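J.: In my numbering, the protein residues as written are -17 to 405. Quick one: the structure is below, questions incoming.
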RNA sequence: GGAGAGAUGGCAGAGUGGUCGAUUGCAUCGGUCUUGAAAACCGACGUACUGAGAGGUACCGGGGGUUCGAAUCCCUCUCUCUCCGCCA
């Protein structure tokens, strides 16, 4: 959520910046400002009224103690008239506050000025493209064929046990998964991230805290008996650690990482994008999360990009970094970079990470604040990114490193796998 | 699943109808003392909204009620803890 105060004080700027996200904020921003003005007026009236009533009540107490019963009785009758008025005004306050919140939730985060203009994924700007795309003397197999050939993943078995999108990893396939998880966690730790092992099931309050609720309700698995949700990303539990918390500036930046299974219903997706490992209902991901000061969050963002880039380099995968345009960014992000790796058999780039700065948008909803060195309480900035999501990395490793007799494991992973080739 | 207890400021823990937004201790911050530190002593120390400011208002798990007045009484919901049962 944006801050009402910021909107009021920077109306034109807000409307201008929202336009980059193709959000016409003119009407809604006017409404918010108008309602906020009403809120303030109403509150002034209400506060004045309550102040009078409180004063009177206090005097009744004093009169009673002094034994002046009749005067007290007269004062009691006077308070009756405040009651009705107070009720009306506080109902009005509640209504206005509810409306403002409803409207604020509909307004996306403001993109930073460095976010490129654009409508869709085609308008994203390629910041960097590194690593060489492998060439083959034979027709490379897609990862789903390789997985079958070397008995690494059984998709049909997953269908039997759970349903489509729940693969069963076997043998070296399972080992490679575990190796990747450990590799990513170790790399994160080496870069100063504290490892967290959070619950993978969260309550509704946490869902609201990070914004999965109410907007993306249908995308999460929900257990109605206990009203709990399966997390779509470790971002949810790890960020919610800081819900309703006031940190001190000295603690920042907080750098956490977590491996969890992630669960996504992916309602509405279909076609070639869901083939094999491209889109799953359950997958493994290592997430990095930072809580920072507004002054330092841009630096943090760059450090996170470096971290993710380092992982891809060590895995020797061809990758590129995209600066997302206004139209392709998520609702809550202020600036976002995607990492994609090239998948040699599918002959396309696969998104493996998305590293975003949410500035204070998420923190405002979470009520995650910090006390600065002057003792003033301010909203933190929050950032997060995948480092990394496993399935598409797995797919790219199989496809890019295939030979006619096996699949080569990149050097960095060999100590984690315990083998250097799958054959 | 059954029975009981509880929810108060960063933490611990008082407060059972009227200067209680809340005693006290610890923690934290500032100061005095000290070559420095510790100890001791003095002081500060919740959050939000509102107001130029003085100040005002709200908040003692959430919601509702009784009352002129509620942290305190009543109803209700949620959560936590203990014991029993079940169980990795």
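We treat Cβ as the ideally placed atom computed from N, Cα and C, and that holds for glycine. Here the structure is a predicted model, which means the values were calculated and not measured.
Going by other Cβ atoms of all chains shown within 10 Å of its Cβ, with 16 needed for buried, is residue 158 buried or exposed?
T.: For this step, residue 158 is matched to residue 176 along the first chain. Its Cβ being crowded by 16 or more others within 10 Å, residue 158 is buried.
J.: In its own chain, which residues sit with a C-beta less than 7 Å from the C-beta of residue 67, not counting the 5 before and 5 after it?
T.: As a working note, residue 67 is residue 85 in the first chain. Within the same chain, residue 67 has close Cβ partners 31.
J.: Near residue 25, which residues of its chain fall below 7 Å by C-beta distance, leaving aside the five closest residues on each side in sequence?
T.: By one-based count along the first chain, residue 25 stands at place 43. Hits under 7 Å: 75.
J.: Do you know whose CA, among 145, 135, 220, lies nearest residue 177's CA?
T.: For the purposes of this step, residue 177 is taken as residue 195 along the first chain, with counting starting at 1. Among 145, 135, 220, the Cα nearest to that of residue 177 belongs to 220.
J.: Keeping to the same chain, check which residues put their C-beta closer than 7 Å to that of residue 8; ignore five residues upstream and five downstream.
T.: Counting from one through the first chain, the residue named residue 8 turns up at place 26. Closer than 7 Å at Cβ, skipping near neighbours: -3.
J.: Report yes or no: do the segment 262 to 270 and the segment 364 to 382 share at least 3 C-beta pairs separated by less than 8 Å?
T.: Yes: at least three Cβ pairs fall under 8 Å.
J.: With C-beta atoms as the reference, is residue 180 less than 9 Å away from residue 216?
T.: On the first chain, position 198 is the one that residue 180 refers to. On the first chain, position 234 is the one that residue 216 refers to. Cβ distance < 9 Å, so residue 180 and residue 216 count as in contact.
J.: Tell me the residue span of the beta strand (DSSP E) that contains residue 318.
T.: Locating residue 318 in the first chain gives position 336, counting from the first residue. It spans 317 to 325 - the beta strand (DSSP E) in which residue 318 sits, taken as one unbroken run.
J.: Name, in chain order, the residues that DSSP records as bridge partners for residue 301.
T.: Stepping through the first chain from its first residue, residue 301 is reached at position 319. DSSP output for residue 301 lists 112, 323 as bridge partner(s).
J.: If I follow the unbroken beta strand (DSSP E) through residue 74, where does it start and stop?
T.: Residue 74 sits at position 92 when you count from the first residue of the first chain. From DSSP, residue 74 is part of no beta strand (DSSP E) but of the alpha helix (DSSP H) over 51 to 88.
J.: Just list the residues that DSSP pairs residue 4 with in beta bridges.
T.: Residue numbering aside, residue 4 sits at position 22 when the first chain is read from its first letter. Beta-bridge pairing links residue 4 to no other residue.
J.: Mind the definition here: the segment 38 to 48 touches the segment 1 to 17 only if three or more C-beta pairs lie below 8 Å; say whether that holds.
T.: Short answer: they don't touch.
J.: According to the neighbour-count rule (16 or more other Cβ atoms, all chains shown, within 10 Å of its Cβ), is residue 162 buried or exposed?
T.: Numbered from 1 along the first chain, position 180 holds the residue referred to as residue 162. Classification of residue 162: buried, given that the 10 Å Cβ count is 16 or more.
J.: Tell me the DSSP bridge mates of residue 237?
T.: Here the question's residue 237 lines up with position 255 in the first chain. Paired residues: 272.
J.: What first and last residue would you give for the alpha helix (DSSP H) that runs through residue 222?
T.: Here residue 222 refers to the residue found at position 240 when the first chain is read from its first residue. Looking at the DSSP string, the run of the alpha helix (DSSP H) that includes residue 222 is 217 to 222.
J.: Between the beta-carbon of residue 242 and the beta-carbon of residue 192, is there less than 9 Å?
T.: Locating residue 242 in the first chain gives position 260, counting from the first residue. Locating residue 192 in the first chain gives position 210, counting from the first residue. The answer is no: Cβ separation not under 9 Å.
J.: Could you spell out the range, first to last residue, of the alpha helix (DSSP H) harbouring residue 263?
T.: Against the first chain, residue 263 aligns to sequence position 281. Unbroken run through residue 263: none, as it is neither H nor E.
J.: Rounding to the nearest angstrom, what Cα-Cα distance links residue 385 and residue 0 in this structure?
T.: Position 403 of the first chain holds residue 385. Position 18 of the first chain holds residue 0. Roughly 49 Å separates the two Cα atoms.
J.: Which of the three DSSP states, helix, strand or coil, is assigned to residue 164?
T.: Position 182 of the first chain, counted from the first residue, corresponds to residue 164. Note: residue 164 maps to helix in three-state DSSP.
J.: For residue 399, which three-state DSSP category applies?
T.: Within the first chain, residue 399 is the residue found at index 417, counting from 1. Residue 399: helix per DSSP, three-state reduction.
J.: Go through its chain and collect everything with a Cβ distance to residue 228's Cβ below 8 Å, but skip five positions before and after it.
T.: By 1-based counting over the first chain, the position of residue 228 is 246. These residues qualify, in order along the chain: 351, 352, 353, 359.
J.: So, for residue 426: in the same chain, excluding its five sequence neighbours on each side, which residues have a beta-carbon less than 6 Å away from its beta-carbon?
T.: With the chain covering only -17 through 405, there is no way to say anything about residue 426.
J.: Under the three-state reduction of DSSP, which class applies to residue 100: helix, strand or coil?
T.: For the purposes of this step, residue 100 is taken as residue 118 along the first chain, with counting starting at 1. The answer is coil: DSSP assigns residue 100 none of H, G, I, E or B.
J.: By a C-beta neighbour count over all protein chains shown, 10 Å radius and 16 as the cutoff for buried, is residue 330 buried or exposed?
T.: Indexing the first chain from 1 puts residue 330 at position 348. By the 10 Å Cβ count, residue 330 comes out exposed.
J.: Nearest CA to the CA of residue 189: which residue from 171, 175, 290, 213?
T.: As a working mapping, residue 189 is identified with position 207 in the first chain. Nearest option by C-alpha distance: 213.
J.: By alpha-carbon positions, which one of -12, 314, 273, 131 ends up nearest to residue 405?
T.: What you label residue 405 is simply residue 423 of the first chain in a count that begins at 1. Ranking the options by Cα distance to residue 405, first place goes to 131.
J.: Is it true that the CB of residue 107 sits closer than 9 Å to the CB of residue 14?
T.: Locating residue 14 in the first chain gives position 32, counting from the first residue. Locating residue 107 in the first chain gives position 125, counting from the first residue. Not closer than 9 Å, so no.
J.: Express the C-alpha separation of residue 328 and residue 376 in angstroms, rounding to a whole number.
T.: Counting from 1 along the first chain, the entry for residue 376 is found at position 394. Counting from 1 along the first chain, the entry for residue 328 is found at position 346. Residue 376 and residue 328: Cα-Cα distance of roughly 13 Å.
J.: Assuming residue 430 and residue 394 make a contact with CB atoms under 8 Å, what is their CB distance in whole Å?
T.: Only positions -17 to 405 of the chain appear in the structure, and residue 430 is not among them; the question remains open.
J.: Is DSSP giving residue 384 helix, strand or coil here?
T.: Taking the first residue of the first chain as 1, we reach residue 384 at position 402. In this structure, residue 384 counts as strand in the three-state DSSP scheme.
J.: For the alpha helix (DSSP H) that contains residue 347, what are its first and last residues?
T.: By one-based count along the first chain, residue 347 stands at place 365. Segment 343 to 348, the alpha helix (DSSP H) holding residue 347.
J.: Assuming the contact rule is C-beta atoms closer than 8 Å, residue 235 and residue 278 should be a hit. Round their C-beta distance to whole Å, please.
T.: Here residue 235 corresponds to residue number 253 of the first chain, with the count starting at 1. Here residue 278 corresponds to residue number 296 of the first chain, with the count starting at 1. Going by Cβ atoms, the distance from residue 235 to residue 278 rounds to 6 Å, so yes, they are a contact pair.
J.: Can you tell me whether residue 142 is helix, strand or coil according to DSSP?
T.: To locate residue 142, count along the first chain from 1; it is residue 160. Three-state DSSP puts residue 142 in a helix.
J.: So, under 8 Å CB-CB, residue 149 and residue 262 are touching, yes? Tell me the CB distance rounded to an integer number of Å.
T.: Your numbering for residue 149 matches position 167 in the first chain. Your numbering for residue 262 matches position 280 in the first chain. So it is a contact: roughly 7 Å between Cβ atoms.
J.: At the level of alpha carbons, what is the spacing between residue 316 and residue 80?
T.: In the first chain, counting from the first residue as 1, residue 316 sits at position 334. In the first chain, counting from the first residue as 1, residue 80 sits at position 98. C-alpha separation (whole angstroms): 25 Å.
J.: Closest by CA to residue 296, which one among 86, 396, 135, 145?
T.: Taking the first residue of the first chain as position 1, residue 296 is located at position 314. Cα-wise, what sits closest to residue 296 is 396.
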